[in-house]
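So the sequence shown is numbered by full-length UniProt numbering: it starts at 1 and just counts up by one. Here's the structure, in structure tokens; my notes come after.
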Amino acid sequence: PKDEPDLWRSTIFFSEVLADFFRFSHDVKQRHRTELGDQNRVFASRGSNITLPCRLHRQHGMSFGSLGMRIKWTKLSADESLEEDVLVSMGFHKKSYGSFQGRVHLLEADDDDASLVLSDVSLDDVGKFHCEVIDGIDDVIHEVTLEVQGVVFPYSPRLGRYNLNFHDAEQACLDQDSVVASFDQLYEAWRSGMDWCNAGWLNDGSVQYPITKPRGPCGGANARAGLRNYGQREKSKSHYDVFCFTSGLKGRLYWLVQPNKLMFAEAVQACQDDGAEIANVAQMYAAWKLNGYDRCDSGWLADGSVRYPISRPRRNCSPTEAAVRFVGFPDKKQKLFGVYCFKGQQ
């Protein structure tokens with residue numbers, strides 16, 4: 001095609017520009033490794049659009065304008081050992097990467113603004129972002145932490161406790177429309193009263209569990225309340241439970257009122273007949289924790305487990321604490337339970 005040489009030259013030019021930027025960016029990192037700029041927390045809801053703030057605070061009055069500013073946004077991995085490229089900008093030349101393609105752009109409210117607009121926020125977006133800005137002799141690195149309102153919940157599969165390696169744990173959470181929780185998320189859950197005596201994976205590869213009421217089998221009765229930490233474990237060979245994190249509901253979880261108890265297959269079909277789907281574990285925890293959902297009836301969930309949510313403890317219904325009560329993974333042909341359904345927003 002006639003325009004192919006121009007396109008090829010543009011591609012080569014931008015690649016060279018990016019290479020120069022990365023070299024320059026590396027030098028900036030060395031100078032600012034221990035002195036990040038403003039550290040902000042931004043809270044978003046799942047599926048929303050959000051702006052991650054970043055500005056160049058000039059030490060000198062001279063400005064080269066937005067065309068001279070170099071901007072690089074990256075996202076840190078859970079253990080902060082790796083950085084994932086999000087967006088790079090040099091004047092008119094801008095490029096986004098990976099899962100962020102088509103979801104990010106710069107706000108550019110003025111010549112010093114490097115804020116990132118992120119659309120359709122997902123659970124995978126949660127974490128720390130770095131914004132590196134260079135304009136002439138002025139440069140800075142900002143750190144922004146993106147958080148999504150949600151709930152942490154423990155999960156173990158039908159096989160029982162301590163049967164998940166790290167990769168199985170990731171899939172188990174994904175199957176429940178959630179992600180493996182971070183240390184910060186588990187810590188906040190503990191501060192809110194979470195007490196759980198089974199160790200579970202976190203997304204940085206560590207294994208921990210939260211204790212608010214110290215007792216013998218859970219780290220010792222004389223130990224202080226807090227997060228019990230087993231440290232980093234071998235991701236393929238070590239087996240534990242997992243702590244998952246999910247956000248608020250985009251829809252409604254409800255108990256399906258019907259006259260008869262159901263086998264699992266009948267429960268799945270009953271929800272479908274009602275224009276819904278059988279609810280998953282994450283949806284029940286979100287409805288219970290974030291919306292105060294309370295129902296003292298044991299019902300099937302999508303993973304084949306039977307549970308019920310109690311936010312108002314009472315006799316015969318979790319009398320000692322608010323909790324999602326776990327009945328077990330019964331034989332799917334047992335006709336002893338109802339079902340919880342979930343209907344998404346239209």
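Beta carbons are placed, not taken as given, at the ideal position from N, Cα and C, and that holds for glycine. This structure is a prediction, so every number in the text was calculated from the model and none was measured.
8 Å Cβ cutoff met for valine 207 and glycine 216: no
Stretch pair the region 157-176 + the region 80-88: three plus CB contacts closer than 8 Å: no
Assigned secondary structure, leucine 186 (DSSP; H/G/I helix, E/B strand, else coil): The answer is helix: DSSP assigns leucine 186 an H, G or I state.
Under 8 Å between C-beta atoms of phenylalanine 326 and serine 311: no
Enclosing alpha helix (DSSP H) for methionine 284 [first to last residue]: 281-291
Secondary structure of glutamine 208, DSSP reduced to three states: The answer is strand: DSSP assigns glutamine 208 an E or B state.
Same chain, Cβ closer than 6 Å to valine 179, neighbours up to 5 away in sequence not counted: Leu123, Cys173, Phe245
Contact check, valine 339 vs leucine 262, beta carbons under 8 Å: Against a cut-off of 8 Å, the Cβ pair of leucine 262 and valine 339 comes out as a contact.
Selection from Pro210, Asp138, Trp288 that minimises the alpha carbon distance to valine 242: For the residues Pro210, Asp138, Trp288, the minimum Cα distance to valine 242 belongs to Pro210.
Secondary structure of valine 126, DSSP reduced to three states: Reduced to three states, the DSSP call for valine 126 is coil.
Bridge partner(s) assigned by DSSP for tyrosine 340: Trp255
Inter-residue CB distance, aspartate 274 and leucine 249 (contact presumed, cutoff 8 Å): Rounded, the Cβ-Cβ distance is 17 Å, inconsistent with contact.
Those residues which DSSP pairs with glutamate 147 across a bridge: Phe43
N- and C-terminal bounds of the beta strand (DSSP E) containing valine 242: Segment 241-247, the beta strand (DSSP E) holding valine 242.
Residue from Arg315, Gly231, Arg233, Thr212 with nearest C-alpha to alanine 223: Ranking the options by Cα distance to alanine 223, first place goes to Thr212.
Three-state secondary structure assigned by DSSP to arginine 191: helix
Paired residues, beta bridge with lysine 75 - DSSP: Glu84, Phe129
Beta bridge counterpart(s) of valine 180 as assigned by DSSP: Cys244
When Ser236, Gly299, Trp196 are compared against arginine 228, the one with the closest alpha-carbon: Trp196
Cut-off 6 Å between Cβ atoms - residues of its own chain near lysine 343, not counting five sequence neighbours on either side: Once the five neighbours on either side are set aside, the close Cβ partners of lysine 343 are Gly251, Arg252, Ala276.
Between the CA atoms of glycine 68 and aspartate 110 - distance to the nearest angstrom: 13 Å
Beta-carbon spacing of lysine 341, alanine 279 below 8 Å: Per the sequence shown, the amino acid found at residue 341 is cysteine instead of lysine. Yes, they are a contact pair.
Where histidine 93 sits in the DSSP three-state scheme: strand
Asparagine 203 burial status per 10 Å Cβ neighbour count (16 or more: buried): buried
Between the CA atoms of histidine 142 and glycine 220 - distance to the nearest angstrom: 42 Å
Cβ separation of serine 247 and serine 45, assumed to be a contact under 8 Å, to the nearest whole Å: 7 Å
7 Å CB neighbourhood of phenylalanine 100 in its chain, flanking five on each side removed: Val86, Leu87
Integer Cβ distance of asparagine 49 from serine 119, believed to fall under 8 Å: Confirmed, Cβ separation roughly 5 Å.
For leucine 174, three-class secondary structure by DSSP: helix
Rounded Cβ spacing between cysteine 317 and cysteine 296 (contact assumed at less than 8 Å): 4 Å
Glycine 264: first and last residue of the uninterrupted alpha helix (DSSP H) it sits in: A quick correction: the sequence has phenylalanine, not glycine, at residue 264. Segment 264-273, the alpha helix (DSSP H) holding phenylalanine 264.
Through-space distance from lysine 332 to proline 214, alpha-carbon basis: Whole-angstrom Cα-Cα distance: 37 Å.
Buried/exposed call for threonine 74, threshold 16 Cβ in 10 Å: buried
Presumed contact (8 Å Cβ cut-off) between tryptophan 300 and phenylalanine 264, rounded CB distance: 6 Å
Whole-angstrom C-beta distance between histidine 130 and leucine 76, which should lie under 8 Å: 7 Å
One or two residues paired with cysteine 317 in a DSSP bridge: Arg314
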